[in-house]
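Undergrad:
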Amino acid sequence: MSYNNLIVNTIRPRIRELKISLHLLNRNYLTRFALLIVGLLVAIALLAPLIVPYPEQIMNENNPEEKLMAPSAEHLFGTDELGRDIFSRVLYGTRISMRTALLAVGLAIIIGVPLGAIAGASGGIVDELLMRFTDLFLSFPPLLLAITIAAFMGPNLTNAMIAIAITWWPWYARLMRGQAVSIKERPFVKAAEAIGTPHIKIVFMHIIPNCISPIIVQASMDIGGVILTIASLSFLGLGAQPPLPEWGLMISTSRTYFMNAWWYSVFPGLFIFMTVLVFNLLGDGLREVLDPKTRKL
Amino acid sequence: MKSFIIKRLLFGVVVLFFVILVTFIITRVVPSDPAQKWVGARATAEQLEQATIELGLDKPVYIQFGKYIEDIFRGNLGKSLRSRQPVIEELKTYLPPTIELVIISTIAAIFIGIPLGVASAIKKDKLLDHFSRFTSIGAVSLPVFWVALFLQLIFYSSLKILPLGGQLGIKTELIYQVPDITGFLIFDCLISANWPVLKDALLHMVLPGITIALYPIGLVARMTRSALLEILNEEYIVAAKSYGLPNRLVVWRYAVKNSLGPTITVVTLAIGYSLVNTFLIEAIYSWPGIGSYIAISVTSLDYPAIMGVTIFSTIAYVVLNLIADIVIALDPRVRL
Amino acid sequence: MSNYFEIKNLKVNYKTFEGTKNVLDIDNLIIKKGMSYGLVGESGAGKTVLALTILKLLATPPGEIVSGEILLEGENLVIMPENKIRDIRGNKIAMIFQDPMSTLNPVYTIGQQIINVIIKNQNVSKKRALPIAIEMLGKVNLPDADNAMKKYPHQLSGGQRQRVIIAMALSCGAEFFIADEPTRNLDVTIQAGILKLIKELQNELNVTILFIANNLGLVSVACDEIGILKNGKIIESGKTRDVIDNPIEEYTKILLESVTKEKIGNREKENNNKLILEVELLKKYFPIKDGFFQKTVAWIKAVDGIELKIRKGEVLGIVGESGCGKSTLVNTILNLHRPTSGEVLFNGKNMFKMSQKELRKTRKNIQIVFQDPFWSLNPRLLVKDIIGEPLKVHENLNYEKYLEKVKKLMTMVGLPEEGVFRYPHEFSGGERQRIAISRALSVKPELVVLDEPTSSIDVISQERILKLLEKLRKELELTYILISHDLSVVHSMSDKIIVMYLGKIVEIGSADDIFVNPKHPYTIALFNAIPKLTTNKIDELFTLEGSVPSAINLPSGCRFQTRCPEKFKLCKEKSPEMQHVDSEHYASCHLLNMDIVQK
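Heads up: the protein sequence lines correspond to chains A, B and C, in order. Offset between the first sequence (1-based) and this note's numbering: plus 318. Offset between the second sequence (1-based) and this note's numbering: plus 1. Offset between the third sequence (1-based) and this note's numbering: plus 11.
1. Taking 8 Å as the CB-CB limit, is A/Trp580 close to chain B?
2. By how many angstroms is the C-alpha of A/Glu399 removed from the C-alpha of B/Val335?
3. Just by C-beta distance, which residues in the segment 281–307 of chain B are closer than 8 Å to chain A?
4. Listed from N- to C-terminal order along the chain, which residues in the segment 256–273 of chain B have their beta-carbon within a distance smaller than 8 Å of any beta-carbon of chain C?
5. Which same chain residues, not among the five before or five after C/Met12, have their C-beta less than 7 Å away from its C-beta?
6. For C/Val135 versus C/Glu186, is the C-beta distance shorter than 8 Å?
7. Does B/Val335 come within less than 8 Å of chain C when only Cβ atoms are used?
8. At 3 residues or longer, and completely inside the segment 351–405 of chain C: list those beta strand (DSSP E) runs for me, N to C.
9. C/Ala140 to C/Leu63, Cα distance in whole Å?
10. Using Cβ-Cβ distances below 9 Å, what residues of the segment 556–587 of chain A are close to chain B?
11. With 16 other CB atoms within 10 Å as the buried threshold, where does A/Arg407 fall?
12. Nearest CA to the CA of B/Glu55: which residue from B/Glu174, B/Asp72 and B/Val198?
13. For A/Ala419, which of A/Ala439, A/Ala481, A/Gly472 and A/Arg573 has the nearest alpha-carbon?
14. Relative to the C-alpha of C/Arg349, which residue among C/Val232, C/Lys364, C/Met504 and C/Glu577 is closest?
15. Taking a contact to mean a Cβ-Cβ separation below 8 Å, would you say B/Thr40 touches B/Ala52 in this structure?
16. Determine whether the Cβ of B/Val16 lies closer than 8 Å to any Cβ atom of chain C.
17. Straight-line CA distance for A/Ala469 to A/Pro532?
18. Could you tell me which residues DSSP pairs with C/Ser78 in its beta bridges?
19. List the whole-angstrom C-beta distance separating A/Thr466 from B/Thr311, where the pair is believed to meet the contact cut-off of C-beta under 8 Å.
20. Can you list, in chain order, the residues of its chain with a C-beta nearer than 6 Å to that of C/Leu181? Leave out the 5 residues immediately preceding and following it.
21. Cβ of B/Val16 within 8 Å of Cβ of B/Ile272?
22. With H, G and I counted as helix, E and B as strand and the rest as coil, what does DSSP make of C/Met91?
23. To the nearest angstrom, how far is the alpha carbon of A/Glu511 from that of A/His517?
24. Decide if A/His341 is buried, meaning its Cβ has at least 16 other Cβ atoms within 10 Å, or exposed.
25. Please return the same chain residues whose Cβ sits closer than 8 Å to the Cβ of A/Gln646, not counting the five positions on each side in sequence.
26. Is A/Pro560 close to the ligand PLP? I mean its beta-carbon at under 7 Å from any heavy atom of the ligand.
27. So, A/Gly430 versus A/Ala491, is the Cβ gap smaller than 8 Å?
28. Looking only at its own chain, which residues have a Cβ that is under 8 Å from the Cβ of C/Glu369, when we skip the five neighbours before and after it?
29. Any beta carbon from chain B within less than 8 Å of C/Ser54's own beta carbon?
30. Quick check on C/Tyr413 - is its C-beta less than 8 Å from some C-beta in chain A?
31. Anything in chain C within Cβ reach of B/Tyr1, meaning under 8 Å, just list it in chain order.
32. What residue ranges within the segment 435–473 of chain A form continuous alpha helix (DSSP H) runs of no fewer than 4 residues, ordered along the chain?
33. Indicate the three-state DSSP secondary structure (helix, strand or coil) for C/Glu146 in the structure shown.
34. Output the residue ranges of the alpha helix (DSSP H) runs that lie fully inside the segment 163–230 of chain B and measure 4 residues or longer, sorted by chain position.
35. Does the beta carbon of C/Asn196 sit closer than 8 Å to a beta carbon anywhere in chain E?
36. Can you grab the Cα-Cα spacing for the pair C/Glu332 / C/Leu167, in whole Å?
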């Protein structure tokens, strides 16, 4: 058998599995809808500088003669107090929110997953200590620790992102540990032990690959939650700072004008809502497909 | 069982210590100029020096930490930079309105969220389930601060049927004697039988109440649904049905009771979310609570105030969780 | 008179992702009043679906009743509205479930649950229900009913729980019982008691029983008529004796053979090969920790002084009920546990005193095949990586050689070599077990532990797997330790058998000695508790009183004395020594020491 064939043979079954998963995802029309919108949002985020109608108005430009104009064909979402096109800013905001959320969740996963895997796989005193340490972080009310950290580290978007990762990683550690503990008891891990496979290899070959699905589900749910949190921190003045077109910040600024300019707060809010909603829906859908307990073939 | 409670209590103490340690690190060790933060940017050199001594910044870190703990136990949370009042006193006045809101959201979570989740689980994949799932997933996806603004736009600006904010209208405050016995306005109105003020207070409560209750309702409904679905799939539920027990009994007495543990946990989590959500909406509704207090403190970087709220809310949350855990421990399955 | 219970042309479909699948297709099934009907089939044949369909408890979707009638005293249950069927459930038809633990609600006491059922079905007040509940528990021979009422399900043993379930079914006042594999999760000595109870109730109360089981032996003693269910269809039915004595269908014959296995392969009697494994006074205690400081308050004596020897090429069978310590023994031999004391010598070397490097080399020589091939293969790996895992650890091969070897292993266990590029879930249970076997054999081990290798796969594959194992043993000169609760499997494969009870060996000897001439009362009880096709009456079954004591508070003297039918004074006082019976046959019972008995 040629080497080429070998690669094809190895990859083909994996593609087949992926196809089944995609098919299952597609079956639920809500999930399909969510997947579509998420794709659209990702495209907007990637292409934002190219597709917004008024790229020059995203940041600082001042057009006093066009300020606080109601939505029109020219300015779909109206303009703000500096006369900037809200539609352009909201679209660009997608890029900011998505990037920050992905980084925050990624950071939380990078901290949480290995800690959880170590705790679950080793058990005993290591497990006890690591998990109690994790519990300590979960003893803070949600968001509060992020607020405090962001406040003391100095209000800006990067610090908000770090603050969010610090408050979020314990959830991944917990999830990963629970998975690791249950998978450790599966006979295939016992079989690997009996074979003499080294421990570290067992963790990477048997335990972690079998924990990936719930982590993916959790992450897709969390991206929604994290976007909400970033907007909340920015709304409080602890996240993005002007002139960044961040959604929460825009709503915060709009408060001064919102009685006369309803569009100013409504559109960024709708975008937050829609983004968070589709990620939550996607998470629900993914769970149904990837969780063996609810997976229906 | 007993040893579980003792363990849990001891862990509570450890948590408190850790909370204090973390806040200490965030406020005193990480910033390069803690004294500056403590007295504010506009302080004189003299004030700065005094703060350095007061906080013990000239001493080694462990002595600073000892002092920090001592201060907290004495209720000395420093003075607000804005008002120059002791933070602890301010907390006392701002607390009751916030607690009112949190209680409302908790009641909503329990009496709307749980039934919604139960109904959804029972009627899985029926119209009611789709409706309830979509409502609850929508509720947890909404930015609360935006909801607050949106509701004001509709009910105040457009329809003009509800007040914009505050706990009472100016007219009411001028005409009537506003009771102040416990600080909890609605409760005070009730015990002093002050109906006109109560009516106005309730009217002012509607929008903040709805706003704060949305997230907990959605969260609790989602969790209850999934916890219940898991239990409804258990064999003992099928068995109970096979003995001819009526559906109502099976669902409410058998299934719901068994899903109580996870439900209590999620209600506590929901209370935590409500507490923090007050930070986001109270300022919008000019609600004179902790939320407004911290929102202003954050904007003006009033560190002693931020610190005070953090420590206080976390302690409250830790105690709440402790109670929830002990309640769950009464579950015979945990009692094993 | 029309038939009491009848099923006509029942078709049930399951809607799945791949399309609609027919799971039940029964032309005709008739049960007369007061009779018991046994339905035999393997898992997946549609037995439980049938039980749930009768009571209309089948989850729809995914299930769907396409057509047909289920008639109870002439009334069609299929078209009955939900509120009327609720009166049938319990009142007329009651169900006895497979797993007594998951059938009882863990947060209510036994008393609360049974009283709820009585109040609903007999329309009495709570006060009146209490004595009825106690009476019912008495009827199912549950000792100390008053006390049991106050207990939670997890505080009872498996057998007791199943009696409670039967009591619940009885309290419904139903006349038709559906028993869905009621003894599946019970030990054999307890199983016999439950079977007897069901039969007694049938005779005393004249109830009608639909008995569902996966084992022909069980059904043959308990039922008047039987039907064989395969892929949702009843392929053969009739009077029990007729079907067993003159089976028509090939499948029925295979089922019959599975109960009466013949000896596979004949072995040279004298085996003077070298000793491969010696276990000397092995003990494994697990600490029980309690209290705030997690002090060790007691020990679970899972393995308590085991001695045995295995020669190269032998097959050693280990028999015992759940909790007897056989898994712990094997795990300790595999070095997955550290022993509390004692030695395990592999090829003469003490395994617990080896260096890490030596130990890894030794491990390679001892492999295990697990019971459930569904969980013993990592679902995320391709078969080539599963079979090849030991090769990667122990041998340094380049990719092409590695693949070649994996394919060879694959064909060795009778699977197509293209299969290595597939995931385990694409194979059937029997095929997966072959994959597990080839993984174990990939590093050429000397000793293979077979942990219930056939108990989770279908009967047809069972036979083939056993033959494959025997063939491989000869070809590769393997030595096996075979653990099984199925005595026929052990008998058909083993040279030597040990019987374990509560962490100790009670009897050891050659397979024939143990089967033909068992000496220990426990061994005798164990063998006679299993219904055989030749068992005519259920009374011939042996039952043991009580349940297995916990390994924490061991009984004084002989460990078996609390349940032993032959117990006398000394048994309580002194633990018996191993007594020599003949050649290699030993048993630990005072009865064998005639001097003591005569005194």
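Note that the Cβ used here is the ideal one computed from N, Cα and C, for glycine as well.
TA: By the coordinates alone:
1. yes
2. In this prediction, B/Val335 scores a pLDDT of 46, lower than 50, which makes its location untrustworthy; no coordinate-derived value is stated.
3. Leu281, Ile285, Ile295, Ala296, Val299, Thr300, Leu302, Tyr304 and Ile307
4. Lys258 and Asn259
5. Low confidence applies to C/Met12: its pLDDT is 46, below 50, so where it sits in the model is not reliable, and the reading given next is rough at best. No residues qualify anywhere along the chain.
6. no
7. In this predicted model, B/Val335 has a pLDDT of only 46, less than 50, meaning its place in the structure is not dependable; the value taken from the coordinates is given anyway. Output row for B/Val335: interface = no.
8. 352–357 and 377–380
9. 28 Å
10. Leu556, Trp565, Gly566, Ile569, Ser570, Ser572, Arg573, Phe576, Met577, Trp580, Ser583, Val584, Pro586 and Gly587
11. buried
12. B/Asp72
13. A/Ala481
14. C/Lys364
15. Just to set this straight, residue 40 of chain B is Val in the shown sequence, not Thr. Yes, they are a contact pair.
16. no
17. 33 Å
18. C/Lys22
19. 5 Å
20. Met147
21. no
22. coil
23. 8 Å
24. exposed
25. Since the first residue of chain A shown is 319 and the last is 615, residue 646 of chain A is not available in this structure.
26. Within the structure as shown, the ligand PLP is missing, as the structure has no ligands at all.
27. yes
28. Lys360
29. no
30. no
31. No answer is possible for residue 1 of chain B: it lies beyond the span of chain B, which begins at 2 and ends at 337.
32. 442–456 and 462–471
33. helix
34. 171–176 and 186–192
35. This model lacks chain E altogether, as its protein chains are A, B and C.
36. 17 Å
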